[in-house]
Amino acid sequence: MTTKGMLTSSSLENPWARTLDSLKRTWYKFSRNWLSVLGLVMVVTIFFLAVFAPYVAPYPQHSGKFVDFKSKNQPPSWQHLMGTDTIGRDILSRIIFAFRNALLMAIVVLAISVPFGTLTGLTAGYYSGTWVETVIMRVTDVFISIPPIILALSIAAMLKPTLMNSMIAVTVSWWPWYTRITYSLASSIKNEYYVQAAELTGASKIYILFREILPNCSSSLLTKMALDVGWVTLVGAALSFVGLGEQPPKPALGTMIAEGVERMPTQWWIALFPALAIMFVVLGFNLFGDGIRDALSPEEA
Amino acid sequence: MKNLKSLLYLIILVALLAIPVIGITAASAAEHNPESIVRWCEDWPTYIDPAVGTDFSDTMAIVQLYDTLIFPNLDGSVRPHVAEKWDISDDFLTYTFYLRKGVKFHNGDELTAEDVVFSTERLFDIGEGFAYILQTKDAQGKIIAGIESVKAIDDYTVEFKLARPFGPFVPALVRLYILNKSQVMKNIDKSNAMYGEMGDYGKKWLLTNDAGSGPYKVKEMKMEESLLGEKFDDYWDGWEEGAPDFFKEFAFPGEVAIRTMMKNQELEITSETLPMEAYAALREIPGVETIAYLSTHNLQIMLNTRVPPTDDIHFRKALSWAMDYDVVVNDIWPYYVQSVGPVPQTLPGHNKDVLQYSYNLEKAKEEMAKSAYAGKENIPFTLSWCAEVPDEEKVALLFQVNAAEIGIDVEIFKKPFGLMIDDAQTVKTTPNGSVVYVAAHYNEAGSMLDTRYHSKSQGTWEQCEWLGSPNIDTAIEVALATVDEDERFKEYAEIQNTLVDLAPTIWLADQALEFGYQADYLVWPLAERVKAGKSSSPPMGYSFYVRDMKILVEKKAELLKK
Amino acid sequence: MRLGPFVLRRLAISIFVLFGLSILIFLIARIVPGDPARMALGPRAPVDVVERLRQQMHLDRPLLEQYGLWLWEVAHGNLGDSLVTRRPVKQDIREFFPATLELVGLTAIFIIVGGISLGVISARYANTWFDNVVRLFSYLGIVTPAFAWAVILMLLFGFVWHIFPTYGRLTEGVIPPVTITGMYTIDSLLNGRFDLFWDAFMHLILPAIALALPPMSQAARITRSSMADNQNKDCIASMIAYGVPNRVVTGKYLLKPSLISPITVMALDIAATFGYAFMVEKIFGFPGLARYGIQVMLNKDVNAIVGVVMVLGVVFITLNIVVDIIVAYLDPRIRLLGRNV
């Protein structure tokens, strides 16, 4: 497969130029839609805020051990752009720090469930029609027979409420969806001529799975991953909404909303801004994910 | 299929039109608002079975539905109730109660001594609820204190034998509620052999029904939602003019809903857990007033004395000096007062001369230096608070900040109450600190000391300290067995001193309850007393005794017209 | 129509999946640290009573045997007692499920009607201002989680403009209709109480909209793109060329095949609504199964957790079967050849 690209003229001399070339082409397709670019900007912003939280947050100490009951429940002002909560902490600072855990959670969940789901999906797809497929896919069916949020909740509720455990809970309910999507892709790709050709030339099963089938699933998987960062954040927020997840005083978007709902409508800002923050994350990753889909889709090249 | 598109258009059109129409007609919802009703929204009562329920919302309901031998006055004393009088033997071990004749249960049966015996035995056999107040067993199941046996001498005489003298026995009897034996027996689920031949002891039936003789009877019990009680016309003590026909207790509907309901006269008494701003808003509603009074509950951080680092007495004292009590009583709950020792100040037998810890970092550091953890940084410490009481989080966060000042790294856990109970069962699972409210179960310091620091309550949420001190156990037992009140109170005072010196607990604040209520048309004896400046701390639940309240129906109608 | 064997096969798989789900959730519920019997009876109950309850709940048996006994009980229609409410789980579910069903039902109506009609119009007038507004709106709808909508809607329509009630199923003091189905809107109609119907209906609107907006937007988007895909097909072009009226083309030949993917997605979303409902129910103080589910989960109420999850599993699976049947009806290829496209 790798030899194909060698035929273009510019790449013959310099592999870097080739990479640059394809990147340029991808970026061209990506940037044709300004919404995708907006999504990228949002995603970069979120990452930037999360990574540099201690430097960008106006009151970084408010994300940790801190109480100031004298300045509780203040409405948005120049001093506190999004107001303060019932403990007197700056809501904007807490949202910025909450992005950290939200992103961490999304990354960890995907880092585990994507490889696992892909591997099982590939195997089941390649061995479709055998008992391997039956076992893998029926187990998957069981896991997706209830909405992931309910499964994640039941698991998280049984464990100690920590960020780690809520990650475990979400991961357990997340991988089957990757199994399913890879399975359906793999089971159709395996009938393509190039796969059959590779089989005939005696390529090993590992080679076929990982060098022939997997690369052709990658664009769908990448797109789903980009979108899923937003959705995992959402499920994470749902868990912390009921108190499962990061424990106070560390900020979590769901916890902040749950607290704010109690204070509605007098102190509307306590719930509203964290809710908007979740919207921002999901919107950003959705636009970005759509952009990736456009950029990687082959037919519109 | 041809018409599909037009159908779609139609649907959209209707949907679009419906929105404003809905808006206009929204106000015309049906209403059912009986005139003479008292409603409050502490919570729905989980267990109205007097052998099971113990919490605030449970007792609020149970006191309306059941009668007791004696009755607590608002000033803390007791008066005869179903028992007209009683005799006490010279050795203080036998109490004989003479019952009133003609007390009727809600189904018309007469209340007799047999019912009292049955209710007592049922309470102890089930062993939940308030059983522990009236009886103490050791690990082998032998009765070591409280009621040893009970028997009916005749239809109207009942005799209690105690295992040892129990000073506050008569006040403690406010927690012995009398059930109708024959009615309970008729509703026993035999298929469930939890209690041998007693089947389920009627527990399932009593979840949503009552078998009492109290002034009100269950009209409708909706799980997870509400209890509606209806006046029992044949109540043996008769009725005064204006007493409410109904009472309703329901789940907390949210701050805003409470305000709206108060405005619309759909609620008579608010819950006591609202934020400060909400009370201010309530006072602006015509006819609504707010009252605040100290209760017999206090808020504390229980320290597990068996696991490091809280097993070190100097460490515990350091914590006691490091806590900023002023923030708790000024900024978090303005009506609370800082606790003076382990007993709420409203309880008879409270020792007001014990040492009161204060926020003093110098002293905290001094104690820290004496402890085994001197010079250490980031000492790990686990703290749980109860998810059902959101404001406890503020205490937890404050404690975390305060503790950090003396080098302690506090990790906070929000736990549903059910799980706190579970954690409290073993030393290992009990956290270093637990933020908990505790209430006295009958009106004496002894109640608090006994349930909080006697070894028998180890393993329950009411003692997360695991104090296990034989000396204190003996002292409490001796004090409770002392029949002379002055003598008994002196012994209580001594125990309080010992405890403060051990610092097993950070006694934060005595709770004040603040309620908004419809002062214009609801006569509420408790509120009258508070407004008159008299102290008032009836046992849990009795502040809401509906029979003594009055609804001024005309005033209510008048107010509604405005 | 060879729908019969198709449905039978789906049913067989579903039963298998339900079994698997029951094992999964049973295991999850049993790894709880702590003693459910002690939790049920409270800290002060006598040891022997707790021991008896433990035996009654079969907690003293090996896990496999516990599962077998549980299955036996379920086969007899018994889900055990809840530790929180101390009632049979079945009874709790019977009480709370109708409320959630009513809410999800209205949500489903919003999703289907709103989603399809917006999508169809959007596709019909593709690239006009209307299309753009709908697309923007649906993007916002998709990315805003239901509970964020709940907060926003509550602020706007409950507090800024007092249009809708924001708490519970009925106005306080209103006596609910005589229970027939447990769904207030339907019961009140059956009782002929239109005032009650209106009251209950008003209480449903905000939570239902909050729940419906994200999936509805999703459905609109998918309907639009699916219509757009099919619009470009040769058969449609030739039909238009033959002079078949536009209305007929859209209504008959375009809509039917275009509905397959939106219907699949909508069904999954409607089922997932049961999951997200808990936050919305909590925000609106709506006493439904989702709220109950969260409460029992947080209190580690083993029997109730298993019960609630199983009920939701059954609902989810049933919905999937229904969708498969609808899709099979819409797509003759599946129906006739048993092929999956």
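Chains as they are written, first to last, in our numbering: chain A, 203 to 503; chain B, 2 to 563; chain C, 586 to 926.
All residues carry an ideal CB built from backbone N, CA and C; glycine is no exception.
- Annotated three-state conformation of I49 (chain B) is coil, per DSSP.
- If you look at T764 (chain C), you'll find it isn't in any beta strand (DSSP E); DSSP assigns it neither H nor E.
- Counting only runs of 3 or more residues that sit fully inside the segment 155 to 236 of chain B, the beta strand (DSSP E) segments are 158 to 163, 217 to 223, 227 to 232, in chain order.
- Under the three-state reduction of DSSP output, W87 (chain B) falls in the strand class.
- Around V397 (chain A), the same chain offers I391, I410, E414, I415 as residues with beta carbons nearer than 7 angstroms, after the five sequence neighbours per side are excluded.
- For V243 (chain A), there is no enclosing beta strand (DSSP E); the residue is part of the alpha helix (DSSP H) that begins and ends at 236 to 253.
- Identification of chain B residues near P872 (chain C) by a Cβ-Cβ cut-off of 9 angstroms yields K223, E225, E226, A252, ordered along the chain.
- Interface annotation for the segment 736 to 768 of chain C against chain A: V736, I737, M739, L740, G743, F744, V745, T751, criterion Cβ-Cβ distance under 9 angstroms.
- Put simply, the backbone Cα of I748 (chain C) is about 38 angstroms away from that of S347 (chain A).
- Within chain A, no C-beta atom comes nearer than 7 angstroms to that of Y710 (chain C); the closest sits roughly 20 angstroms away.
- Contact between D116 (chain B) and N210 (chain B) is ruled out by a C-beta separation of about 16 angstroms, above the 8 angstroms threshold.
- For S90 (chain B), the number of other beta carbons within 10 angstroms of its own is below 16, and it is reported as exposed.
- Non-local beta-carbon contacts of T756 (chain C) in its own chain, meaning distances under 7 angstroms to residues more than five positions away in sequence, involve P750, D784 in chain order.
- In the structure shown, K416 (chain B) falls within a strand segment according to DSSP collapsed to helix, strand and coil.
- In this structure, P467 (chain A) keeps its C-beta atom at 8 angstroms or more from the C-beta atom of I297 (chain A).
- Residues are counted here when their Cβ sits less than 8 angstroms from a Cβ of chain A; for the segment 387 to 399 of chain B these are A388, P391, E394, K395, A397, L398, L399, given in chain order.
- Contacts between Q281 (chain A) and chain B, judged by CB atoms closer than 7 angstroms, are missing: the closest CB pair is about 19 angstroms apart.
- The beta-carbon distance between G517 (chain B) and F57 (chain B), rounded to whole angstroms, is 17 angstroms. This is too long to meet the 8 angstroms contact definition.
- Using a CB distance cut-off of 8 angstroms, W470 (chain A) counts as an interface residue toward chain C.
- Nearest C-alpha to L355 (chain A) among A:V310, A:L474, A:A440: A:A440.
- No Cβ-Cβ contact shorter than 8 angstroms links T158 (chain B) with A212 (chain B).
- The DSSP assignment places 114 to 127, 132 to 135 as complete runs of the alpha helix (DSSP H) inside the segment 110 to 153 of chain B, in order along the chain (cut-off: 4 residues).
- Every alpha helix (DSSP H) stretch that sits fully inside the segment 642 to 673 of chain C and reaches 4 residues is listed by chain position as 648 to 660.
- Among the residues of the segment 636 to 648 of chain C, those with a Cβ less than 8 angstroms away from any Cβ of chain B are R637, L638, Q641, in the order of the chain.
- Of all C-beta pairs linking the segment 700 to 715 of chain C to the segment 839 to 855 of chain C, three or more are shorter than 8 angstroms, placing the two stretches in contact.
- For G432 (chain A) and A358 (chain A), the gap between their C-alpha atoms comes out near 20 angstroms.
- Close to chain C, meaning a Cβ-Cβ distance shorter than 8 angstroms, are the following residues of the segment 170 to 198 of chain B: N193, A194, M195, Y196.
- Taking a Cβ-Cβ cut-off of 9 angstroms, the neighbours of V634 (chain C) in chain B comprise D126, I127, G128, E129, M195, Y196, given in sequence order.
- Using a CB distance cut-off of 8 angstroms, P256 (chain A) does not count as an interface residue toward chain B.
- Counting along the chain, Y99 (chain B) sits inside the beta strand (DSSP E) bounded by residues 95 to 100.
- In the three-state reduction of the DSSP assignment, E466 (chain B) falls in the coil class, being assigned neither a helical nor a strand state.
- A distance below 8 angstroms separates the beta carbons of A454 (chain A) and G447 (chain A).
- Minimum Cα-Cα distance from V436 (chain B) among the listed residues B:V341, B:D410, B:I314, B:E389 corresponds to B:E389.
- By DSSP's assignment, W508 (chain B) forms a beta bridge with B:Q301.
- In this structure Y236 (chain B) is buried. Its beta-carbon is surrounded by 16 or more other beta-carbon atoms within 10 angstroms.
- Against chain A, a Cβ distance below 8 angstroms from A405 (chain B) picks out K267.
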